[in-house]
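Worksheet for the structure shown next.
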Amino acid sequence: MNYSETLEYLFTSTPSFQQVGADAYKPGLERIEDFCRYLGSPHKNFPTIHIAGTNGKGSTSHLIASVLMKAGYRVGLFTSPHLKDFRERVRVDGKMISEQEVMEFVARHREKMEALQLSFFEMTTAMAFDHFSRCDVEVAVIETGLGGRLDATNILRPMVSVVTNVGMDHTDLLGNTLKQIAAEKAGIAKPRTALILGERSEEYDSVFAERAAALQCPLIFAEEHFTADPTAEGGYTLRRKRDNGEFALTLDLKGNYQQHNLVTAAAALDYLHTSTPLTIPRRAFIEGVESAATTTHLAGRWQQLQQRPTVICDTGHNSHGIKYVARQLRELQQSHQRLICVIGFVRDKDVRQVLELMPREAHYIFTAPATQRALPAEELARLATLSGLCGEVCPTATEALAEAKKIATADDAIFIGGSNYLVAEII
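At position 275 of the sequence shown (counting the first as 1) the number is 274 in numbering that gives the first Met the number 0, and the numbers step up by one without a gap.
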């Protein structure tokens with residue numbers, strides 16, 4: 000099989016969550032454990048940092064990986080989903096796994112993968128572990144796919160476990176309350192291994208405290224150790240509370256929500272520097288967080304695609320993440336003559352809750368991302384009307400953006416979001 004045929008095989012023979020949603024979710028660690036034993040347990044050949052959370056785990060993973068690279072380490076990075084190219088999921092020092100390596104992995108192990116009936120994500124996780132081992136990475140940053148406790152990545156025994164935050168998402172799989180979802184994400188904690196919680200909440204702090212006590216692992220609340228205050232110049236002043244150390248930072252990762260991810264990443268990196276064999280100089284920390292998007296090739300986080308009119312896209316796709324995006328949309332609206340929002344969603348999201356957060360005064364173009372999970376544009380328009388949002392319908396993302404640019408003036412702003420798939424089509 001060539002590369003295109005290999006991807007076709009992976010996406011059709013082992014359905015991905017990206018394609019079919021919850022139907023692709025296969026909880027449990029038995030299959031991935033069996034497959035990794037067959038591969039020679041490659042995940043045991045390098046130290047790891049394990050990251051879960053409802054939102055921000057991708058940005059936090061890229062921030063940490065970038066800093067470790069600047070500190071001189073050979074770094075593996077495993078994230079999901081991808082935007083444009085499947086290979087974005089598996090990187091070493093910012094470089095994607097090659098097409099040849101993807102083809103060879105599938106060709107070598109196809110029979111075993113089929114025998115074990117691996118899910119798409121289990122296969123991808125094992126591929127990443129195998130690639131990192133073959134590349135002799137010195138440390139790997141591993142993002143969970145969904146939840147934590149039963150996620151395929153949870154066979155790791157990391158140097159530190161990180162949970163960025165907990166919000167209401169994937170309730171059909173993880174639970175109907177914040178405490179239930181928190182319990183799933185706290186499931187990545189390991190005995191006597193530090194657990195870092197990025198954002199605290201009275202609704203779920205106790206879940207993490209109980210889990211940490213049961214496993215005798217240190218529980219670190221990132222917000223008790225660092226603060227990040229926005230500056231007038233668009234950067235942040237990061238303060239380390241134990242010694243009042245200050246870092247003046249300007250991130251190339253945009254979006255106001257990066258304030259929270261910066262605090263979480265700082266706490267994790269501080270722990271790694273002070274409590275593990277890793278050494279992270281101040282210079283590496285500053286350079287790494289400031290250039291994370293460039294160094295690790297992260298896209299879609301409040302990314303500006305054009306000026307006059309200003310065109311912004313963002314991959315926030317649930318109510319917990321959209322609340323931060325919505326605040327910034329109001330700021331965007333105030334600084335431009337008019338705000339035009341091109342939005343589309345997948346049907347398994349709580350779209351009504353997201354729509355309630357969006358600015359009422361904007362003009363909306365409702366569309367549908369190119370995935371079989373897409374919520375039809377007409378249905379989105381109907382739900383939006385119930386939330387007081389007005390606009391028009393365009394069947395595809397390309398047509399929707401073209402219409403937005405057609406009606407926009409140079410002083411307007413266009414926002415594209417609601418779904419990873421929609422952003423992927425545009426960028």
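Here a beta-carbon is modelled for each residue, glycine too, at the ideal position from N, C-alpha and C.
message: Can you look up Glu7 in the DSSP assignment and give me helix, strand or coil?
response: For Glu7, the three-state secondary structure derived from DSSP is helix.
query: Which stretch, first to last residue, makes up the beta strand (DSSP E) that contains Thr408?
result: Where Thr408 is concerned, there is no enclosing beta strand (DSSP E), given that its DSSP letter is neither H nor E.
query: Hey, Leu28 and Leu149 are a contact pair by Cβ (cut 8 Å); roughly how many whole angstroms apart?
result: That pair is a contact at about 7 Å.
query: In chain order, what residues of the same chain have a beta carbon less than 7 Å from the beta carbon of His272, not counting five sequence neighbours either side?
result: Only Thr278 and Ile279 meet the Cβ criterion.
query: In whole angstroms, what is the alpha-carbon distance linking Ala151 and Leu354?
result: Cα to Cα, Ala151 sits roughly 32 Å from Leu354.
- prompt: Would DSSP call Leu155 helix, strand or coil?
  reply: Coil at Leu155, not helix or strand.
- request: Assign Pro276 to one of two classes, buried (16 or more other C-beta atoms within 10 Å of its C-beta) or exposed (fewer than that).
  value: By the neighbour-count rule (16 or more Cβ atoms within 10 Å), Pro276 is not buried but exposed.
- request: Keeping to the same chain, check which residues put their C-beta closer than 8 Å to that of Ala325; ignore five residues upstream and five downstream.
  value: So the qualifying residues of the chain are Leu356, Met357 and Pro358.
query: Since Cys312 and Gly299 are thought to touch, with beta carbons under 8 Å apart, how far apart are those beta carbons, to the nearest angstrom?
result: With a Cβ gap of about 6 Å, Cys312 and Gly299 count as contacting.
- request: Assign Leu145 to one of two classes, buried (16 or more other C-beta atoms within 10 Å of its C-beta) or exposed (fewer than that).
  value: By the neighbour-count rule (16 or more Cβ atoms within 10 Å), Leu145 is buried.
task: Check each candidate in Val74, Ile339, Val422 and Ala264 and name the one with the smallest Cα separation from Arg133.
output: Ranking Val74, Ile339, Val422 and Ala264 by CA distance to the CA of Arg133 puts Val74 first.
query: Near Arg191, which residues of its chain fall below 6 Å by C-beta distance, leaving aside the five closest residues on each side in sequence?
result: Here the set comprises Gln215 and Cys216.
- prompt: Helix or strand or just coil, what does DSSP make of Gln99?
  reply: Helix at Gln99.
- prompt: DSSP on Ala21, reduced to helix/strand/coil?
  reply: Legend: pLDDT at Ala21 = 45, less than 50; position of this residue unreliable, value from coordinates given subsequently. It is helical.
Helix, strand or coil at Ser132 according to DSSP, with G and I counted as helix: Helix.
query: Near Gly20, what residues of its chain come up, given a Cβ to Cβ distance below 6 Å and the 5 sequence neighbours on each side ignored?
result: In this predicted model, Gly20 has a pLDDT of only 45, less than 50, meaning its place in the structure is not dependable; the value taken from the coordinates is given anyway. The residues are Asp347 and Arg372.
task: May I ask you to report which of helix, strand or coil DSSP gives Pro229?
output: The three-state reading of DSSP puts Pro229 in strand, counting E and B together.
message: Quick check on Thr275: does DSSP put it in helix, strand or coil?
response: In the structure shown, Thr275 sits in coil (DSSP, three-state: anything other than H, G, I, E or B).
message: Less than 6 Å between C-beta atoms, sequence neighbours within five positions excluded: which residues of the same chain meet that for Ala64?
response: Correct list, in chain order: Val74, Leu76, Val140 and Thr295.
- request: Could you tell me if Ala498 is buried or exposed, where buried requires 16 or more neighbouring beta carbons within 10 angstroms of its beta carbon?
  value: With the chain running from 0 to 426 in the structure shown, residue 498 is simply not present.
message: In the DSSP output, which residue or residues are listed as bridge partners for Lys184?
response: In DSSP, Lys184 forms no bridge with anything.
query: Taking the alpha-carbon positions, what's the Phe128 to Ile364 distance?
result: Those two C-alpha atoms are separated by around 41 Å.
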